[in-house]
Amino acid sequence: MEKFRAVLDLHLKHHSALGYGLVTLLTAGGERIFSAVVFQCPCSAAWNLPYGLVFLLVPALALFLLCYVLSARTWRLLTGCCSSARASCGSALRALVCMQLSAAATLAPLTWVAVALLGGAFYECAASGSAAFAQRLCLGRDRNCAAELPLVPCHEAKASDVQDLLKDLKAQSQVLGWILIAVVIIILLIFTSVIRCLSPVSFLQLKFWKIYLEQEQQILKSKATEHATELAKENIKCFFEGSHPKEYNTPSIEEWQQISSLYTFNPKGQYYSMLHKYVNRKEKTHSIRSTEGDTVIPVLGFVDSSGINSTPGL
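Residue numbers (my numbering): 131 to 444.
What follows is the structure in structure tokens.
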């Protein structure tokens, strides 16, 4: 029991890092399976380039879009966006959130491309079908090199010096893969350092903030389940008995919209969530949406990522 509790505590404290790690491992594993089982280079001058690029880039695009779909911030941003009640979708605030979502969604596709380049199969197939690559690789080699180059991934090139180009293609692919990994790590390190440096709150307050959000969402889910259960029981009871239902104080559409809005930080009132801001509003009719002085802080993006369920229902 103690071991289970330790694992649960680890998950709660580091769920974001564990989630990114799991996505990376699944992506790398998926690429290895595709490369070994599904991918079969056609070894054709007409098909090598498009076939290799499709396997290299299309799964990366699919992973990029999937990361959008699985992000709670995406649906917090889009839900009700086209209705008249939330007509401010074209604001700079939403554009900034979209940029942050796009940056976070690049992890899985970049992992796919990097692992694919380290494996080399997709790059070898695509490069061997490129006329531009053929001109550069075949300098000083057999006169039939350009014609036989598309056969290299299948080990069918007749000239031995042409078949040896497979090693060059694999080396190029792996070098590009390591360069991509190094660039991503450097950019991630710089970006993380900058947003931490510009953080308006201290390191320990950020820790407290995350603990508060975890507790708020757990209690909100429990209370929402309890309230929904009681409301459903009352409605079903009245349906079968033909009686009038008791009144339940369920939040209105406007109240749900306000606590579902994108979080903005204001140093004059440091609220830990939109729900926190809503219950502490000065007037009952006062809107808590963005006002003068409110800004979107990248380091506080985890506030909008919280939800009653960790994965949005579609």
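Think of the CB as a built atom: it goes at the ideal place given N, C-alpha and C, for glycine as much as any other residue.
| Item | Value |
| --- | --- |
| Report the partner residues of residue 395 according to the DSSP bridge assignment. | 425 |
| Let me see if you follow: with CB-CB separation under 7 Å, is residue 234 close to chain D or not? | Chain labels in this structure do not include chain D; a single protein chain is all it has. |
| Whose CA, out of 380, 177, 382, 401, lies closest to the CA of residue 252? | 177 |
| Could you tell me the alpha carbon to alpha carbon distance between residue 408 and residue 387, rounded to whole angstroms? | 11 Å |
| What is the C-beta distance between residue 310 and residue 254, in whole angstroms, given that I count them as a contact (C-beta under 8 Å)? | Their Cβ separation, rounded to whole angstroms, is 17 Å, which puts residue 310 and residue 254 out of contact at 8 Å. |
| Check this for me: beta carbons of residue 246 and residue 364, under 7 Å apart or not? | no |
| I'd like the list of long-range same chain contacts for residue 307, defined as Cβ closer than 6 Å, with 5 residues on each side in sequence excluded. | 244, 247, 248 |
| Checking 7 Å against the spacing of the C-beta atoms, do residue 242 and residue 190 come in under that value? | yes |
| Leaving out the 5 sequence neighbours to the left and right, which residues in its chain are closer than 6 Å to residue 186 when beta-carbon positions are compared? | 246, 252 |
| Return the CA-CA distance between residue 193 and residue 155, expressed in angstroms with no decimal places. | 13 Å |
| For a test of the three-state rule: what should DSSP assign to residue 178, helix, strand or coil? | helix |
| Which class does residue 305 belong to by DSSP, given the choice of helix, strand or coil? | helix |
| Determine the direct distance from the alpha carbon of residue 208 to that of residue 375, and round the result to whole angstroms. | 34 Å |
| Taking only the alpha-carbon atoms, compute the straight-line gap between residue 110 and residue 198 and give it to the nearest angstrom. | Absent from the structure is residue 110, since the part of the chain shown begins at 131 and ends at 444. |
| Let's test the definition: count the other Cβ atoms within 10 Å of the Cβ of residue 179 and tell me whether it reaches 16, buried, or not, exposed. | buried |
| What do you get for residue 404, buried or exposed, if any count of 16 or more other CB atoms within 10 angstroms of its CB means buried? | buried |
| Taking only the alpha-carbon atoms, compute the straight-line gap between residue 396 and residue 379 and give it to the nearest angstrom. | 30 Å |
| Starting from the C-beta of residue 342, find all residues in its chain whose C-beta is less than 6 Å away, skip the five residues before and the five after it, and write them out in chain order. | 402 |
| DSSP three-state call for residue 289: helix, strand or coil? | coil |
| Sorted by chain position, which residues of the same chain lie with C-beta nearer than 7 Å to residue 314's C-beta, five sequence neighbours on each side aside? | 240 |
| Looking at the secondary structure, which residues open and close the alpha helix (DSSP H) in which residue 368 lies? | 333-371 |
| If I measure Cβ to Cβ from residue 300 and keep anything under 7 Å in the same chain, skipping five residues before and after, which residues do I get? | 250, 254 |
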